[in-house]
Amino acid sequence: MADDKKTIIVFSGDLDKAMAAMIIARGAAAMGNEVTLFFTFWGLNLLRKPESVPIQKGFLEAMFGWMMPRGARKAALSKMHMGGMGTAMMQHVMKTKNVPTLEEMIREAQEFGVTFIACTMSMDVMGIKPEELIDGVEFGGVATYLGSADEANVNLFI
Amino acid sequence: MADDKKTIIVFSGDLDKAMAAMIIARGAAAMGNEVTLFFTFWGLNLLRKPESVPIQKGFLEAMFGWMMPRGARKAALSKMHMGGMGTAMMQHVMKTKNVPTLEEMIREAQEFGVTFIACTMSMDVMGIKPEELIDGVEFGGVATYLGSADEANVNLFI
Amino acid sequence: MADDKKTIIVFSGDLDKAMAAMIIARGAAAMGNEVTLFFTFWGLNLLRKPESVPIQKGFLEAMFGWMMPRGARKAALSKMHMGGMGTAMMQHVMKTKNVPTLEEMIREAQEFGVTFIACTMSMDVMGIKPEELIDGVEFGGVATYLGSADEANVNLFI
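This is the structure in structure tokens:
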């Protein structure tokens with residue numbers, strides 16, 4: 054175990070929770086930590102490219118892909134989304150306060166050297182293909198996660 | 054603290070979150086870890102037997118019991134449940150991909166030696182009796198949890 | 054790292070999750086731990102004074118303040134809130150079982166010496182001012198959190 058390693062399982066795809074994950078990850082990396090983020094379930098949607106990627110999919114996989122938000126820009130608040138109004142309000146306020154958008158936070162985390170791992174089992178179940186995800190993402194499963202968590206001194210599930 | 058102990062507080066009774074907890078628990082146990090799961094609040098519902106157990110209860114306890122999902126088979130997605138359609142879709146996809154059901158994951162975790170502890174305070178508040186829970190579950194409170202967490206190197210709240 | 058330090062990020066403002074956080078915090082403090090709670094996003098609402106505090110705010114800040122629950126007494130269940138009926142039922146049952154209210158749990162945690170830190174970045178985004186929060190709360194950011202988490206052996210995100 055090392056005092057300078059941190060892991061976060063990013064299970065949620067909600068805007069607010071994803072921001073919390075990114076703020077912690079970015080902060081920890083800036084302070085010299087080796088940070089690993091595991092994106093699983095709804096969290097995977099945060100890594101999707103905003104544009105549609107033409108891929109042959111089965112009917113249900115296509116349905117899932119169509120129903121779930123494509124990329125960080127589409128993430129919604131877990132509370133007070135209110136048909137988009139609450140989320141838009143929050144994004145507007147963040148802009149006026151010079152808080153970076155979630156998309157920018159993700160880019161900054163990558164620039165700070167945070168490791169992004171997409172959960173291959175979730176990708177399989179949700180029918181998400183590697184080419185649909187943003188660049189710089191690695192792939193792994195629960196063993197990869199546990200290997201990192203065993204070496205870290207802070208492990209969160211968000 | 055030992056590198057081979059893990060705890061998870063299973064607070065959520067949602068299908069997706071419960072699956073995440075079970076996948077981590079099963080994986081960690083398979084890799085030689087001593088894993089302890091604390092089921093509290095909505096997570097307790099995952100441990101309920103699927104059949105109704107005849108027990109004398111007060112009105113509110115009976116109400117709670119009737120309103121909350123009875124067992125892992127009834128767990129619903131935290132997102133995209135869509136009146137049951139999204140959850141059914143997910144379960145169908147998991148079946149076609151040979152992913153075990155949540156019920157099977159729970160059984161497998163028990164077979165791998167994962168310790169299941171039901172939170173007695175939550176049971177009291179929600180009016181859930183020991184005989185309503187599946188076999189092999191132990192009982193404990195916050196002190197039990199903290200005792201395990203102090204010895205573990207990965208502690209998650211799901 | 055010390056075996057007697059714990060941190061919890063209280064991200065959620067839901068009654069059930071806040072209770073879980075307070076039960077763990079109070080229990081850990083009673084067992085001799087140094088416990089630090091970081092209140093961020095919706096969790097901040099738990100620290101708001103129940104009465105309105107007259108402060109000059111911008112339009113959106115005032116809107117946020119008006120839309121979000123003011124204080125622990127207003128916290129609602131994350132599930133089965135049912136327009137307030139489920140939450141009221143739960144509060145009624147807790148009372149009959151002599152479980153303290155969330156407000157009392159928060160007070161007790163403070164009396165047990167649990168450190169409460171309000172996330173300044175969230176306060177800024179949500180337009181919450183220090184004078185709107187209950188007494189005894191400290192202020193800090195992600196670096197404050199990471200400093201505490203690095204010294205703790207149990208770190209949870211709720």
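Chains as they are written, first to last, in the numbering used here: chain L, 54 to 211; chain G, 54 to 211; chain E, 54 to 211. The beta-carbon is built from N, C-alpha and C at its ideal position, and this holds for glycine as well.
- Excluding five sequence positions before and after E87(L), the CB atoms of its chain that fall closer than 7 angstroms to its own CB belong to D57 and K58, given in chain order.
- Using beta-carbon distances, A74(L) does not count as an interface residue toward chain G, since no partner is under 8 angstroms.
- By the Cβ criterion, the segment 157-170 of chain L is not in contact with the segment 150-168 of chain G, since fewer than three pairs of Cβ atoms, one from each stretch, lie closer than 8 angstroms.
- Residue pairing by DSSP places N208(L) opposite T60(L) in a beta bridge.
- Interface criterion met: the Cβ of I211(L) is under 8 angstroms from a Cβ in chain E.
- With respect to chain L, the C-beta atom of I108(G) has no partner C-beta closer than 8 angstroms.
- The straight-line gap separating the alpha-carbon atoms of M72(E) and V106(L) is approximately 44 angstroms.
- Fewer than three Cβ pairs drawn from the segment 202-211 of chain G and the segment 112-131 of chain E lie within less than 8 angstroms of each other, which leaves the two stretches out of contact.
- When the alpha-carbon of I61(E) is set against those of M116(E), C172(E) and E157(E), the nearest one is in C172(E).
- Counting only the Cα atoms, I76(L) lies some 27 angstroms from D188(E).
- In this structure, F117(E) lies away from T93(E), with their beta-carbon atoms at least 8 angstroms apart.
- At least 8 angstroms separates the CB of M138(L) from every CB of chain E.
- The C-beta distance from V190(L) to L100(L) rounds to 6 angstroms, short enough to meet the 8 angstroms contact threshold.
- In the three-state reduction of the DSSP assignment, I77(G) falls in the helix class.
- Around the C-beta of K70(L), 16 or more other C-beta atoms lie within 10 Å, and the residue is accordingly described as buried.
- By the Cβ-count criterion, I159(L) is buried, with 16 or more other Cβ atoms from all chains shown falling within 10 Å of its own Cβ.
- Residue-level contact by beta carbon holds for L113(G) and chain E, with a gap shorter than 8 angstroms.
- Considering only beta carbons, the part of the segment 79-100 of chain L lying closer than 7 angstroms to chain E consists of G80, A81 and M84, in chain order.
- Here DSSP, grouped into helix, strand and coil, assigns V106(L) to coil.
- Counting along the chain, no alpha helix (DSSP H) covers V167(E), and no H or E run does either.
- If you ignore the 5 residues before and after A78(E), its C-beta comes within less than 7 angstroms of the C-beta of I61, V88, L90, A162 and V167, all in its own chain and listed in chain order.
- Within a 10 Å sphere around the beta-carbon of W95(G) sit 16 or more other beta-carbons, which makes this residue buried.
- Only residues of its own chain outside the window of five on either side were considered, and among them T60 and N208 have a CB closer than 7 angstroms to the CB of A202(G), listed in chain order.
- Rounded to whole angstroms, M176(G) and K148(L) show a C-alpha spacing of 45 angstroms.
- Just measuring C-alpha positions, the residue of N151(G), M135(G), L113(G) and V146(G) sitting nearest M138(E) is L113(G).
- For the options M84(L), A115(L), R123(L) and G85(L), the alpha carbon positioned closest to that of P103(L) is the one of R123(L).
- Close to chain G, meaning a Cβ-Cβ distance shorter than 7 angstroms, are the following residues of the segment 194-205 of chain L: V195, A196, L199, A202 and D203.
- Cβ-Cβ separation between N98(E) and G136(E): approximately 19 angstroms, too far for a contact (criterion under 8 angstroms).
- For R101(G), the secondary structure class from DSSP, reduced to helix, strand or coil, is strand.
- From the beta-carbon of V178(L), the residues of chain G found nearer than 8 angstroms are M143, V146, M147, K150 and V152.
- Close CB contacts of A81(G) within its chain, under the 7 angstroms cut and outside five residues either way in sequence, are with K59 and V88 (chain order).
- Judged by DSSP in its simplified three-state form, T89(L) adopts strand.
- In the structure shown, L199(G) adopts helical secondary structure according to DSSP, grouped into three states.
- Here E156(E) is not near A205(E), since their CB atoms are 8 angstroms or more apart.
- Exclusion of the five residues before and after G85(L) leaves D57 as the residues of its chain whose Cβ lies within less than 8 angstroms of its Cβ.
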